[in-house]
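The next block holds one structure in the form of structure tokens; read it before the comments.
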Amino acid sequence: FTLRPGVYKINDKSYDAVYGTLVVAENRSVPNSRLIELPFTWVKSNAPVTQPPVFLLNGGPGASNLAFSPPDYLLQNHDIVMLGYRGADGSSVLNCPEVRNALTTDEDILSQAYLKVIGNAWRTCSNRLQAEGVDLNGYTILDVIEDMELLRRILGFNQINLLSASY
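For the sequence shown, the positions run 2 to 168 when my numbering is used.
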């Protein structure tokens, strides 16, 4: 767990922020699982007294949770926390160019031929990632929830609000 102070800008307004890294087990159910790093941003409200913070859940699964700028009106009464998603942000980003390439086919996406191509692409990507040492069983929505819960506890928040779009 690391922290460093900084500034976060939204619509030409500046807010104090804390940037950090949360280190978690890739697969919580495996003893001695490799560790992965998840970046986070904690944007602090300028209000003297704030309501419980807002934890954002944007994009995903597979898209970054840090690419979206939060609406500044939330900062009138709340801090905002954005934690990068495992597999999309941080030290273990799961890229599948095999799948991206398969999506460019001219095949009918409902045809058996297309389903075979895309299935093979996913299988090839999965095999490659596992050969590189990635434990794919540690990349579930439940793991994302556990990451957020760990960060909530570490930052000392008893209660939080969730704001989700897409995810």
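Don't be surprised by glycine CBs; every beta carbon is placed ideally from N, CA and C.
Buried or exposed (CB count within 10 angstroms, at least 16 for buried), T42: buried
Validate contact between the stretch 154-166 and the stretch 93-100 using beta carbons, cut 8 Å, 3 pairs: no
Alpha-carbon spacing of L75 relative to D107, whole angstroms: 44 Å
Alpha-carbon to alpha-carbon, A48 and G63: 34 Å
Residue closest to D148, alpha-carbon to alpha-carbon, out of E38, A18, D13: E38
T3 versus T22: straight-line alpha-carbon distance, rounded: 5 Å
For Y86, three-class secondary structure by DSSP: coil
Of the residues I146, L137, L152, K14, the one placed nearest E169, counting alpha carbons only: With the chain covering 2 to 168 only, the question about residue 169 has no answer from this structure.
C-alpha gap between I11 and P71, whole angstroms: 8 Å
Buried or exposed (CB count within 10 angstroms, at least 16 for buried), I155: exposed
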